[in-house]
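Please read the structure below before turning to the comments.
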Amino acid sequence: MKNKKFAVIGLGRFGSAIARKLSQRGAEVLAIDINQDRVESLKDDVAYAVCLDSTDAKNLEAQSIEEMDAVVVAIGTNFQDLILTTFALMELDVERIIVRAQDPIQKRILEKIGVKEILSLEDEVSNNVAEQLLNPSVLMSIRLPDDYEIIEVRAPRIICNRTLGDIGLREKYSINLITVMRKGNLDGKFHILGVPDASTKITEDDIIVVFGRSNDIDRFLEINQ
Numbered sequence: 191m192k193n194k195k196f197a198v199i200g201l202g203r204f205g206s207a208i209a210r211k212l213s214q215r216g217a218e219v220l221a222i223d224i225n226q227d228r229v230e231s232l233k234d235d236v237a238y239a240v241c242l243d244s245t246d247a248k249n250l251e252a253q254s255i256e257e258m259d260a261v262v263v264a265i266g267t268n269f270q271d272l273i274l275t276t277f278a279l280m281e282l283d284v285e286r287i288i289v290r291a292q293d294p295i296q297k298r299i300l301e302k303i304g305v306k307e308i309l310s311l312e313d314e315v316s317n318n319v320a321e322q323l324l325n326p327s328v329l330m331s332i333r334l335p336d337d338y339e340i341i342e343v344r345a346p347r348i349i350c351n352r353t354l355g356d357i358g359l360r361e362k363y364s365i366n367l368i369t370v371m372r373k374g375n376l377d378g379k380f381h382i383l384g385v386p387d388a389s390t391k392i393t394e395d396d397i398i399v400v401f402g403r404s405n406d407i408d409r410f411l412e413i414n415q
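Each number in the numbering used here corresponds to the 1-based position in the sequence shown with 190 added.
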């Protein structure tokens with residue numbers, strides 16, 4: 191993620207977590223909030239932390255906001271400020287604007303004013319809960335456009351102690367394995383093994399991360415329960 195530049199506006203728990211994660215991944219992050227205490231708490235974790243009123247387009251323009259690869263608007267306490275900030279970003283022709291919606295009504299309003307990318311935590315939480323109820327082995331589920339999905343799932347017993355070449359996830363189920371997470375012997379924590387290949391063997395207690403169409407993933411889970 192080198193040379194990527196992002197701005198995060200609204201430094202509550204959600205916005206701060208995004209800003210820190212982007213910075214940890216090597217991005218140049220501009221963190222913005224109207225609350226000085228929130229800015230101070232994040233200033234050592236990001237490239238720039240600025241206290242300003244983001245509803246004023248002139249303030250954003252002074253930070254060269256239009257040069258960012260993307261801007262995340264994560265204002266959670268004042269929907270009017272979120273709307274005004276988003277509108278200011280649109281007026282400044284920011285290339286990519288991602289806005290957090292707190293509920294379905296906010297989501298509809300954001301859609302009406304032309305926001306293309308909306309983060310709906312309600313949708314993500316409900317999707318994860320539903321998946322975990324239907325498939326207890328599923329640890330995480332992310333819905334993507336066009337009926338695609340990424341899931342973290344405990345490796346089904348039927349595929350353990352077999353190589354990926356032997357299992358044939360793509361050939362049999364039309365899904366792709368992104369990576370494998372395996373528990374370390376020393377610290378007991380799960381670690382990513384990197385990019386797997388046909389010789390990678392799945393072992394008991396592994397967590398696999400797979401990508402594919404939702405119906406293909408459901409079929410894989412159902413067959414291998």
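Every residue gets a Cβ at the ideal spot worked out from N, C-alpha and C, and that includes glycine.
Legend entry - Own chain, CB closer than 8 Å to residue 360, minus 5 neighbours either side, in chain order: Excluding five sequence positions before and after residue 360, the CB atoms of its chain that fall closer than 8 Å to its own CB belong to 366, given in chain order.
Inset, instruction - Report whether the distance from the Cβ of residue 235 to the nearest heavy atom of the ligand COA is below 6 Å. - result: The ligand COA is absent from the structure shown, which contains no ligands of any kind.
Legend entry - Supposed contact pair residue 258 and residue 195 - C-beta distance, whole angstroms, cut 8 Å: About 5 Å separates the two Cβ atoms, so the contact holds.
Inset, instruction - Give the straight-line distance between the Cα atoms of residue 287 and residue 279, rounded to the nearest whole angstrom. - result: Near 8 Å, if we compare the C-alpha coordinates of residue 279 and residue 287.
Legend entry - residue 335 versus 295, 373 and 309, residue with shortest Cα-Cα distance: Ranking the options by Cα distance to residue 335, first place goes to 309.
Legend entry - Neighbourhood of residue 191 by C-beta, 8 Å cutoff - its chain only, sequence neighbours within 5 removed: With a pLDDT of 42 at residue 191, under the threshold of 50, the predicted position of this residue should be treated as unreliable, and no value is reported.
Legend entry - In chain order, each alpha helix (DSSP H) run of at least 4 residues that lies wholly inside the stretch 250-324: Complete alpha helix (DSSP H) runs here, min 4: 269-281, 294-302 and 311-324.
Inset, instruction - Can you give me the start and stop residues for the beta strand (DSSP E) that residue 394 sits inside? - result: No beta strand (DSSP E) holds residue 394; DSSP gives it neither H nor E.
Legend entry - Where residue 192 falls: helix, strand or coil (DSSP): Bear in mind that the predicted position of residue 192 carries a pLDDT of just 49, short of 50, making it unreliable; the figure below should be weighed with that in mind. If DSSP states are grouped into helix, strand and coil, residue 192 belongs with coil.
Legend entry - Reduced DSSP secondary structure (H/G/I, E/B, other) of residue 404: Residue 404 falls in the helix class under three-state DSSP.
Inset, instruction - Please confirm whether residue 132 and residue 209 have their CB atoms less than 7 Å apart. - result: One cannot answer for residue 132 here, as it falls past the ends of the chain, which runs 191 to 415.
Inset, instruction - Measure from the alpha carbon of residue 373 to the alpha carbon of each residue in 394, 390 and 293, then state which is nearest. - result: Of 394, 390 and 293, the residue nearest in Cα terms is 394.
Inset, instruction - Can you tell me which of 222, 248 and 371 puts its alpha carbon nearest to the alpha carbon of residue 237? - result: Residue 237 has its Cα closest to that of 222, out of 222, 248 and 371.
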